[in-house]
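K.L.:
Heads up: the sequence shown begins at 1 in UniProt numbering, then just goes up one per residue. C-beta atoms are modelled at their ideal positions from N, C-alpha and C, and glycine is treated no differently.
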Amino acid sequence: MDRIKRVSIVGMGAMGILYGDFFANALGREQVTFLADSDRTRRYRNTPVYCNGRKLDFRIQDGAVPDSQGPAGLLIFAVKATALEDAISVARNQVGRDTVILSVLNGIISEAVIGEALGMEHVLYCVSQGMDAVKLGNELTYSHMGQVCIGIPEDQAYKEPMLSAVTDLFDQTGFPYTREPDIIRRLWCKWMLNVGVNQTVMVAEGTYGTVQHPGRERQMMRDAMAEVVALAGKENIRVTEEDLQGYVDLIDTLNPDGMPSMRQDGIAKRQSEVEFFAGTVIRMAERHGLDVPVNRELYRKIKEMEAGYTGIG
């Protein structure tokens, strides 16, 4: 595969801006493109965004219009899971023969959904973790960029050249990453983290600090994560109590004033990703006859909160 020189991103939320700013600084502004539908393209072009107080100037492209620079080299999906279908439509015309696709969405299903729509031969698996980015309005703040864990499942060894092309880009730019020997396990571990911390902080209407000290919220977070450990066992995925503790330790390193994306959705009164967290846990657990009372309670409370938002039932 040829060397990747250009990065295209769908989604100008916290992670999209974080990664867009990094690659624009490393590769040059013209090598980074944000893809959007026509309405968002106009809005993005007319609304400045800020990262840690710096005004950013990104290249914006209407996804329906072929890019004058050609198909995307590395295409990153950085939207909420609730917006994935629309994001796929935006990016469809930007995928060429050698385009490599990464999804940094929460959950465990986005790669399969993207692959079915755009071609699984383009998709690598990755997990983004450890960042504490918070975007409120058009302003992003963060102190930890975190890292990407990237890899290919055992049955997709033919993608090794694609993986090498992406890690070469990461090495060239200094982008923080770890190559994962068992990326499906890592996806589940990150999902376990999201199921615990995102939903607990959402319900508590708090921050990372809410779950960084002993108390009811921290225990709720751990119990929700433990239900994912049990579910993983039923699915023959190796997720352990040691993994759980490792991710709790990771949470404890984050800025206590920061907050996960789900809480940011709550503040903005947007529909959350609860269906991809507790909703998925509940549906999968039912197939195995597994009881998941903590996730059921989190699901109930979040749905109740969302029912109070204008326009969301």
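(1) Just verifying my parser: in three-state terms, what is the DSSP assignment at valine 229?
(2) Can you pull the DSSP bridge partners for cysteine 149?
(3) Going by the CB atoms, is the gap between methionine 225 and leucine 244 shorter than 7 Å?
(4) Locate the beta strand (DSSP E) running through arginine 54, then write down its first and last residues.
(5) If you reduce the DSSP assignment to three classes, tell me which class tyrosine 309 lands in.
(6) Mind checking whether leucine 187 and valine 127 have CB atoms under 7 Å apart?
(7) Beta-carbon within less than 8 Å of asparagine 52's beta-carbon, same chain only, minus the 5 sequence neighbours each way: which residues are those?
(8) Going by beta carbon distance, what residues of the same chain come within less than 7 Å of glycine 63, once the five residues before and after it are set aside?
(9) Using 10 angstroms around the beta-carbon of isoleucine 312, count the other beta-carbons present and answer buried if the total reaches 16, otherwise exposed.
(10) Using only alpha-carbon positions, find the residue among Ile267, Thr173 and Ala232 that is nearest to glycine 20.
(11) Helix, strand or coil for tyrosine 50? Go by DSSP, reduced to three states.
(12) Below 6 Å CB to CB, which residues in the same chain sit around tyrosine 208 once its five sequence neighbours on both sides are set aside?
(13) Could you tell me how far apart the beta carbons of leucine 250 and alanine 285 are, in whole angstroms, since I believe they sit closer than 8 Å?
(14) By alpha-carbon positions, which one of Thr200, Thr82, Lys234 and Asn25 ends up nearest to phenylalanine 175?
(15) Rounding to the nearest angstrom, what Cα-Cα distance links asparagine 30 and glycine 289 in this structure?
(16) Secondary structure at leucine 18, three-state DSSP: helix, strand or coil?
(17) Could you round the C-beta distance between arginine 179 and threonine 167 to whole angstroms and report it? I think they count as a contact, below 8 Å.
(18) In angstroms with no decimal places, state the Cα-to-Cα distance between glycine 308 and aspartate 171.
(19) At the level of alpha carbons, what is the spacing between valine 272 and alanine 14?
(20) Using CA atoms only, rank isn't needed, just tell me which of Gly279, Val197 and Lys5 is closest to methionine 262.
(21) Expressed to the nearest angstrom, what Euclidean distance is found between the alpha-carbon atoms of residue 371 and valine 203?
(22) Near arginine 59, what residues of its chain come up, given a Cβ to Cβ distance below 6 Å and the 5 sequence neighbours on each side ignored?
(23) Going residue by residue through the stretch 87–144, where are the continuous alpha helix (DSSP H) segments of at least 4 residues, counting only ones entirely within it?
(24) Can you give the beta carbon distance from glutamate 205 to glycine 137, rounded, assuming they're within the 8 Å contact cut?
(25) Specify, as a first and last residue, the run of the beta strand (DSSP E) that valine 292 falls within.
(26) Given a threshold of 16 other Cβ atoms within 10 Å of its Cβ, counted over all protein chains shown, does residue 318 qualify as buried or as exposed?
(27) What is the DSSP secondary structure of isoleucine 184, counted as helix, strand or coil?
(28) Expressed to the nearest angstrom, what Euclidean distance is found between the alpha-carbon atoms of arginine 296 and aspartate 57?
(29) Taking all protein chains shown into account, decide if glycine 11 is buried (16 or more other Cβ within 10 angstroms of its Cβ) or exposed.
(30) What residue range is occupied by the uninterrupted alpha helix (DSSP H) comprising isoleucine 76?
(31) Could you tell me the distance, in whole angstroms, from the CA atom of arginine 97 to the CA atom of arginine 3?
(32) Residues bridged to valine 7 by DSSP?
P.N.:
So, to answer that:
(1) Along the sequence shown, one-based indexing puts residue 229 at 229. Three-state DSSP puts valine 229 in a helix.
(2) If you number the sequence shown from 1, residue 149 lands on position 149. Paired residue(s): Val127 and Thr178.
(3) As a working note, residue 244 is residue 244 in the sequence shown. As a working note, residue 225 is residue 225 in the sequence shown. Contact flag set, yes.
(4) Mapped onto the sequence shown, residue 54 falls at position 54. Element bounds for arginine 54: 54–56.
(5) What you label residue 309 is simply residue 309 of the sequence shown in a count that begins at 1. Correct three-state label for tyrosine 309: coil.
(6) Against the sequence shown, residue 187 aligns to sequence position 187. Against the sequence shown, residue 127 aligns to sequence position 127. Yes, the pair counts as a contact, with Cβ atoms nearer than the cut-off.
(7) In the sequence shown, residue 52 corresponds to position 52, counting from 1. Closer than 8 Å at Cβ, skipping near neighbours: Leu140, Thr141 and Tyr142.
(8) For the purposes of this step, residue 63 is taken as residue 63 along the sequence shown, with counting starting at 1. Closer than 7 Å at the Cβ level, and outside the excluded window around glycine 63, lie Leu35, Ala36, Asp37, Val90, Ala91, Asn93 and Gln94.
(9) Reading the sequence shown from its first residue, position 312 is the one you call residue 312. Reliability of the predicted coordinates at isoleucine 312 is poor, the pLDDT of 46 falling under 50, and no value is obtained from them.
(10) Mapped onto the sequence shown, residue 20 falls at position 20. Ranking Ile267, Thr173 and Ala232 by Cα distance to glycine 20 puts Thr173 first.
(11) Sequence index remark: in the sequence shown, residue 50 carries index 50 (1-based). Three-state result, tyrosine 50: strand.
(12) Counting from one through the sequence shown, the residue named residue 208 turns up at place 208. Same-chain partners within the cutoff: Leu254, Pro256 and Gly258.
(13) By one-based count along the sequence shown, residue 250 stands at place 250. By one-based count along the sequence shown, residue 285 stands at place 285. Going by Cβ atoms, the distance from leucine 250 to alanine 285 rounds to 25 Å, so no, they are not a contact pair.
(14) Taking the sequence shown and counting its residues from 1, the one referred to as residue 175 is at position 175. The shortest C-alpha separation from phenylalanine 175 is found at Asn25.
(15) Indexing the sequence shown from 1 puts residue 30 at position 30. Indexing the sequence shown from 1 puts residue 289 at position 289. The sequence given here has glutamate at residue 30, not asparagine. Using only the alpha carbons, I get a separation of about 52 Å.
(16) The residue given as residue 18 occupies position 18 in the sequence shown. Helix.
(17) Residue 179 sits at position 179 when you count from the first residue of the sequence shown. Residue 167 sits at position 167 when you count from the first residue of the sequence shown. Indeed, because the Cβ distance is near 6 Å, the residues count as touching under 8 Å.
(18) The sequence position of residue 308 within the sequence shown is 308, counting from 1. The sequence position of residue 171 within the sequence shown is 171, counting from 1. Approximately 46 Å between the Cα atoms of the pair.
(19) For the purposes of this step, residue 272 is taken as residue 272 along the sequence shown, with counting starting at 1. For the purposes of this step, residue 14 is taken as residue 14 along the sequence shown, with counting starting at 1. Contrary to the premise, residue 272 reads as serine rather than valine in this sequence. Those two C-alpha atoms are separated by around 15 Å.
(20) Along the sequence shown, read from residue 1 onward, the residue named residue 262 stands at position 262. Per the Cα distances, Val197.
(21) Residue 371 lies beyond the range of the chain shown here (1 to 313); nothing can be said about it.
(22) Residue mapping note: residue 59 aligns to position 59 of the sequence shown, counting from 1. Same-chain partners within the cutoff: Thr33.
(23) 110–118
(24) Working through the sequence shown from its first residue, we reach residue 205 at position 205. Working through the sequence shown from its first residue, we reach residue 137 at position 137. With a Cβ gap of about 19 Å, glutamate 205 and glycine 137 do not count as contacting.
(25) The count along the sequence shown starts at 1 and reaches residue 292 at position 292. Looking at the DSSP string, valine 292 is not in any beta strand (DSSP E), and its letter there is neither H nor E.
(26) A question about residue 318 goes unanswered here, because the residues of the chain that appear run from 1 up to 313.
(27) As a working mapping, residue 184 is identified with position 184 in the sequence shown. Reduced to three states, the DSSP call for isoleucine 184 is helix.
(28) Taking the sequence shown and counting its residues from 1, one reaches residue 296 at position 296. Taking the sequence shown and counting its residues from 1, one reaches residue 57 at position 57. Their Cα atoms are separated by approximately 43 Å.
(29) Position 11 of the sequence shown, counted from the first residue, corresponds to residue 11. When all chains shown are included, glycine 11 counts as buried.
(30) What you label residue 76 is simply residue 76 of the sequence shown in a count that begins at 1. Not the alpha helix (DSSP H): isoleucine 76 falls in the beta strand (DSSP E), residues 74–77.
(31) As a position in the sequence shown, residue 97 is number 97, starting the count at 1. As a position in the sequence shown, residue 3 is number 3, starting the count at 1. Spanning the two alpha carbons is a distance of roughly 14 Å.
(32) For this step, residue 7 is matched to residue 7 along the sequence shown. Bridge partners of valine 7: Val32 and Leu74.
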